[in-house]
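Engineer: My structure is below; once you've seen it, I'll send some questions.
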Amino acid sequence: MMPDKPYKRLKRSKNEERRVSHIPNTAVKTGRIIYSKQEVPTILAAVVLTITLTSFATPAASCSAKFDLTEYECTTPDLLAKEREEGEQKAKTGEVFPWNNIFLPSFIVPLHYDLFMFPNLKTFENVGSVNITFQVTEPTNFIVLHSKELNLSRISVFENDIRGIPVLQHLEYPKNEQLYIKIDGNFLPNLKYKLWIEFRKELEEGLEGFYLSSYTTSDGQKRYLATTNFEPTAARTAFPCFDEPAMKATFQLVIVHEKNYKAYFNFESLQTAPYSEEFSITSFQKTVKMSTYLVAFMVCDFKERAIINVDGVKVRVLIPAEQYEQSEFALEIAADVLHFCKTFFNIPYPLSKLDMAAIPDFAAGAMENWGLATFRMINILYDPSETSSEGQERVASVIAHEVAHQWFGNLVTMKWWSDLWLNEGFASFMESLIVDIIKPDWKKMDAFVATTVQDALSMDGLQTSHPIVTNAIDPLEIDATFDVISYKKGASLLSMLANFLGMDTLKNGLSNYLNKYRFQNARTEDLWNAFSEAESSHINVTQVMDTWTRQKGYPLITVTLEHPTVKVKQERFLLTAKSNSAQVSDDVSPYGYKWRVPVTYVTDLSNRQNTYWLNEAEGEFVLPAETKWLKVNSKEGGFYRVMYDHGLWKTLTELLQSNHKTLTAADRSNLVDDALSLSRAGILDAMLAFNVTRYLEKEEEFAPWAAAILHFEQLNSLMQDNPAVLSLFQKYILKLLKPAINRLGWEDKGSHME
47 MMPDKPYKRL
57 KRSKNEERRV
67 SHIPNTAVKT
77 GRIIYSKQEV
87 PTILAAVVLT
97 ITLTSFATPA
107 ASCSAKFDLT
117 EYECTTPDLL
127 AKEREEGEQK
137 AKTGEVFPWN
147 NIFLPSFIVP
157 LHYDLFMFPN
167 LKTFENVGSV
177 NITFQVTEPT
187 NFIVLHSKEL
197 NLSRISVFEN
207 DIRGIPVLQH
217 LEYPKNEQLY
227 IKIDGNFLPN
237 LKYKLWIEFR
247 KELEEGLEGF
257 YLSSYTTSDG
267 QKRYLATTNF
277 EPTAARTAFP
287 CFDEPAMKAT
297 FQLVIVHEKN
307 YKAYFNFESL
317 QTAPYSEEFS
327 ITSFQKTVKM
337 STYLVAFMVC
347 DFKERAIINV
357 DGVKVRVLIP
367 AEQYEQSEFA
377 LEIAADVLHF
387 CKTFFNIPYP
397 LSKLDMAAIP
407 DFAAGAMENW
417 GLATFRMINI
427 LYDPSETSSE
437 GQERVASVIA
447 HEVAHQWFGN
457 LVTMKWWSDL
467 WLNEGFASFM
477 ESLIVDIIKP
487 DWKKMDAFVA
497 TTVQDALSMD
507 GLQTSHPIVT
517 NAIDPLEIDA
527 TFDVISYKKG
537 ASLLSMLANF
547 LGMDTLKNGL
557 SNYLNKYRFQ
567 NARTEDLWNA
577 FSEAESSHIN
587 VTQVMDTWTR
597 QKGYPLITVT
607 LEHPTVKVKQ
617 ERFLLTAKSN
627 SAQVSDDVSP
637 YGYKWRVPVT
647 YVTDLSNRQN
657 TYWLNEAEGE
667 FVLPAETKWL
677 KVNSKEGGFY
687 RVMYDHGLWK
697 TLTELLQSNH
707 KTLTAADRSN
717 LVDDALSLSR
727 AGILDAMLAF
737 NVTRYLEKEE
747 EFAPWAAAIL
757 HFEQLNSLMQ
767 DNPAVLSLFQ
777 KYILKLLKPA
787 INRLGWEDKG
797 SHME
């Protein structure tokens with residue numbers, strides 16, 4: 047799912063949403079700026095003094111957790127865990143709820159759901175029933191499944207479609223959103239059972255579950271539709287189900303709708319027939335095996351724009367009629383991405399169709415429901431005369447993200463939400479890679495370091511970060527994992543993996559992984575094993591990557607050049623100077639905050655990337671004696687920061703001033719971001735950091751400016767209480783920006799990157 051970015055559940059601040067599309071407010075008044083180069087050090091000195099006296103990294107309280115990643119059994123010492131451990135669980139009736147576990151029993155195996163829905167868009171009520179076919183792996187007289195805020199009216203159990211089994215008791219436990227059903231006798235292995243439940247619920251404008259949405263036509267008519275958004279744990283609010291990602295099953299839907307409306311589902315419709323004078327009934331094909339959170343259906347009066355055949359797959363955009371003309375670009379991008387993924391993963395798209403629906407009210411940026419992806423309207427509409435280049439790129443990126451999910455997340459799904467990054471990290475990495483290939487002039491992978499890697503470094507440098515592989519257990523904890531760490535750090539680590547394994551090995555490993563676990567669930571270690579099997583240089587991918595995924599944070603690599611030897615050491619980077627000098631005592635890690643680091647570098651003698659593996663706290667390697675400088679973390683392919691010795695900082699700064707294009711745009715962006723972040727953390731002298739930025743008036747590429755502007759915005763906010771220094775700072779920023787402003791102007795015209 048795409049957070050609220052262009053993505054899914056990840057909420058972005060206004061500053062982040064505009065992070066590279068504007069400059070500090072006062073800087074838009076571009077009056078004539080005339081002052082000498084000699085004034086710049088004076089301006090910088092005043093700014094640096096203010097920065098030195100004021101901290102703009104807010105310390106945050108820390109927390110720690112111990113958890114068993116093998117069994118996903120959390121022992122987090124928090125209030126939620128305490129509540130789970132203390133007292134009896136009471137059902138809605140006041141009786142003791144017998145199942146004392148937030149996870150469903152593993153001995154129940156759902157096989158198939160027959161689902162009936164009747165959403166009435168006049169009374170705003172949905173009436174439904176579900177018939178679940180299941181088996182058990184051991185004798186039991188009860189089952190437990192999920193149900194939340196549903197009015198249940200009938201519960202029946204059958205053996206082999208024929209023999210009814212008396213239900214002795216059913217209890218609901220709202221806290222865990224569970225339904226307990228006890229029968230007379232036992233469920234036995236090797237037999238198939240059916241659970242029939244009837245229910246009803248109001249259709250509300252709640253943006254999750256099965257909910258009501260609407261739009262207004264140009265002549266003022268309000269039109270309603272009913273749609274779904276189930277990830278991560280909202281399928282249970284639409285119908286009773288085994289709502290855990292590993293409990294995959296097949297689904298078949300029958301839905302009643304108004305005659306002038308159409309119904310859509312993950313799979314193709316079989317037929318539509320009259321149901322009554324006002325309503326029709328549509329039945330759909332049985333799905334492949336899939337997780338509950340990927341089920342989707344909707345009833346609407348949308349118009350369809352279709353490409354009939356993309357490698358045998360029907361691709362459609364579903365959209366209100368008045369926005370029809372704005373859907374062509376989305377359809378073209380979806381077709382290109384679908385074809386790319388089939389070729390790249392060497393696995394065909396497993397369904398016969400892919401619908402993309404534009405939803406007027408949608409909490410996320412988009413959602414990858416298998417065969418029926420749903421999008422916030424702004425993330426699918428493109429009008430060449432209205433939409434900015436940034437907006438066009440957002441549409442392409444969101445579509446690439448959701449289509450990539452059809453393989454990563456849908457075909458192969460994480461076993462539990464603790465490994466959410468397997469879905470979101472991959473989709474976030476692939477969106478940039480795909481768009482970079484199908485739209486090469488957009489230079490999407492060049493921007494990746496600024497829009498993804500550096501965002502993740504900023505967040506993961508906080509004491510309150512968390513490992514990529516989390517200990518999420520209940521719905522609130524699961525919701526919290528849809529964040530920068532799962533999305534952007536996950537994507538950054540995959541980029542680092544591709545950098546040291548090579549793209550061919552990455553492709554082979556991904557193909558192995560997807561083929562081995564198709565229609566199944568996997569864990570992080572399964573992915574690493576697939577890469578190890580594809581790797582010819584005998585790198586133990588599990589040993590390397592566990593240090594990056596099972597502890598939070600990342601290393602600061604300190605580099606000292608003592609000709610011809612380069613000495614490197616690693617320690618955890620924290621954004622606050624206080625935290626860097628003294629670790630919080632309870633902030634423990636299974637790896638002691640040491641990483642297996644691919645220290646990549648280029649030198650003045652060669653732009654060919656070299657790699658030194660730093661597996662201990664310190665290490666060293668030797669350069670040719672005539673080497674004048676080296677730039678570490680080549681193209682910011684690694685997830686770490688670099689602190690150079692004073693001489694190297696001086697040399698690299700002079701290189702930027704004299705011939706900045708000696709380094710790639712990614713390397714220049716990396717130097718700017720590292721310098722200002724290290725200064726913010728109290729590690730690098732602020733004057734040295736700002737000297738790195740002085741070359742920016744010559745910079746014409748996106749990534750370095752994106753890095754700089756984010757830091758400048760933070761500093762601009764910091765100086766609001768000091769008008770004199772703020773004025774000097776803004777003059778400095780305007781001096782840097784003036785050449786770019788003169789070159790680009792204020793209108794969105796020219797090429798995509800202009």
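Numbered according to my numbering, the sequence shown spans residues 47 to 800.
Note that CB positions come from ideal geometry on N, CA and C, so glycine has one too.
Predicted, not measured: the structure shown is a model, and the values here were computed from it.
(1) Can you check the stretch 179 to 222 for any beta strand (DSSP E) of at least 3 residues that lies completely inside it and give the ranges in chain order?
(2) Distance check for Tyr219 and Lys136, CA to CA, integer angstroms please.
(3) Can you tell me which of the three DSSP states Arg714 falls into?
(4) Pull up the distance between the alpha-carbon of Gln267 and that of His303, whole angstroms please.
(5) If the criterion is Cβ atoms closer than 8 Å, does the pair Leu384 and Val359 meet it?
(6) Identify every residue that forms a DSSP beta bridge with Ser13.
(7) Nearest-angstrom Cα distance between Ala381 and Thr593?
(8) Are the Cβ atoms of Asn415 and Leu468 separated by less than 8 Å?
(9) Under 8 Å between the Cβ atoms of Ala727 and Thr622?
(10) Under 8 Å between the Cβ atoms of Arg246 and Ser199?
(11) According to DSSP, simplified to helix, strand and coil, what is Asn561?
(12) For Met505, collect the residues of the same chain with a Cβ closer than 7 Å to its Cβ; drop the 5 residues on either side in sequence, then sort them by chain order.
(13) Taking the C-alpha atoms as reference points, what is the distance between Glu131 and Asn147?
(14) Given Gln703, which residues of its chain have a CB within under 7 Å of its CB, disregarding the five upstream and five downstream residues?
(15) Look at the Cβ atom of Arg687, then the Cβ atom of Leu602, and state whether they are nearer than 8 Å.
(16) Using DSSP bridges, identify the partner residues of Met689.
(17) Three Cβ pairs or more, each shorter than 8 Å: is that satisfied between the stretch 160 to 173 and the stretch 243 to 263?
(18) Do you know how far the Cα of His609 is from the Cα of Glu745?
(19) My understanding is that Tyr343 touches Leu299, with C-beta atoms under 8 Å, so please give their C-beta distance in whole angstroms.
(20) Can you name the start and end residues of the beta strand (DSSP E) that Ser582 belongs to?
(21) If we ignore side chains and look at the alpha-carbon of each, how far apart do Tyr639 and Asn177 end up?
(22) Extract the residue ranges of the beta strand (DSSP E) inside the stretch 251 to 295, only unbroken runs of 3 or more that lie entirely within it.
(23) Could you pull the DSSP bridge partners for Ile243 from this structure?
(24) Buried or exposed for Leu620, going by 16 or more other Cβ atoms inside 10 Å?
(25) Go ahead and pull the three-state DSSP assignment for Trp695.
(26) Please return the same chain residues whose Cβ sits closer than 7 Å to the Cβ of Ile524, not counting the five positions on each side in sequence.
(27) Where do the ends of the alpha helix (DSSP H) carrying Thr389 lie?
(28) Under 7 Å: does the beta carbon of Trp675 sit that close to some heavy atom of the ligand SAM?
(29) I'd like to check one pair, Thr595 with Thr611: are the Cβ atoms closer than 8 Å?
(30) Should the stretch 773 to 787 be called in touch with the stretch 728 to 735, which here means at least 3 C-beta pairs below 8 Å?
(31) Check Phe619 in the structure and name its three-state DSSP category.
(32) Just how far apart, CA to CA, sit Ser337 and Asn567?
(33) Where does the unbroken alpha helix (DSSP H) through Leu782 begin, and where does it stop?
Structural biologist: Based on what the coordinates show:
(1) 186 to 192, 197 to 205, 209 to 211, 213 to 219
(2) 7 Å
(3) helix
(4) 20 Å
(5) yes
(6) It is not possible to answer for residue 13, since the shown part of the chain is limited to 47 through 800.
(7) 38 Å
(8) no
(9) yes
(10) yes
(11) helix
(12) Ser511, Val530, Ile531
(13) Residue placement at Glu131 cannot be trusted, given a pLDDT of 44 that sits under 50; what the coordinates show is reported in the next sentence. Spanning the two alpha carbons is a distance of roughly 10 Å.
(14) Arg740, Tyr741
(15) yes
(16) Thr604
(17) yes
(18) 31 Å
(19) Sequence check: residue 343 is Phe here, not Tyr. Phe343 to Leu299, Cβ: 6 Å. Contact.
(20) Premise fails: Ser582 is in no beta strand (DSSP E) and is neither H nor E.
(21) 50 Å
(22) 255 to 262, 268 to 275
(23) Val176, Ile201
(24) buried
(25) helix
(26) Pro278, Thr279, Trp463, Ala518
(27) 374 to 391
(28) With respect to the ligand SAM, the structure shown offers nothing to examine, as it has no ligands at all.
(29) no
(30) no
(31) coil
(32) 9 Å
(33) 769 to 790
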